Amino acid sequence: MSDSGSTIEDPTLYDNIITLPAVEIDGSKGVVGTTDESPIEQHSRAESSDAGTDRSSAEDQPPEIKQPSLRNLQVALAADLRREIARKDAKICEMEQELSNRNRLLEKTSAWLNDTERRFADTASILKRESEKDSERDERAVKKKKTKLSA
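Residue numbers for the sequence shown follow UniProt numbering, so the first one is 1 and each next one is one higher.
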């Protein structure tokens, strides 16, 4: 057996196949063929077996089973691997694009949150100042009322 295009020959491959007798329309007995033979070939084979002749020609030998070569298997596997790698590369590119879009969205959201935090801090400081001014005014107003009432 060589690596490229070798065949396996097994002479005992078809030994266990039983040929069944068939009854023709005219009542004569024949043999059901075990291979893909035309009806003419089956009939001629049946006649020769009825006559007691044993044919061992090349056409009666079992077909040779071809074993794929190692190189053909390697080529097929390499093609499968290339397709799988290309499919996974496409999936990786798709996922990287999705990740990029999500990162961009996170950056925008982070910037918006930082801006909102700054505005809240500004608003809080303004409210605190206004509150202090109001409390000072209130204190002054209370002092004025006390001084007016005491006078």
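Cβ atoms here follow ideal geometry from the backbone N, Cα and C, with glycine treated the same way. Only a predicted model underlies this, so the values are computations on that prediction, with no experimental measurement involved.
In its own chain, which residues sit with a C-beta less than 8 angstroms from the C-beta of residue i, not counting the 5 before and 5 after it?
i: Asp80; result: none
i: Lys133; result: none
Every unbroken alpha helix (DSSP H) inside the stretch 54–129 [4 residues or more] | None, since the stretch 54–129 contains no complete alpha helix (DSSP H) of that length.
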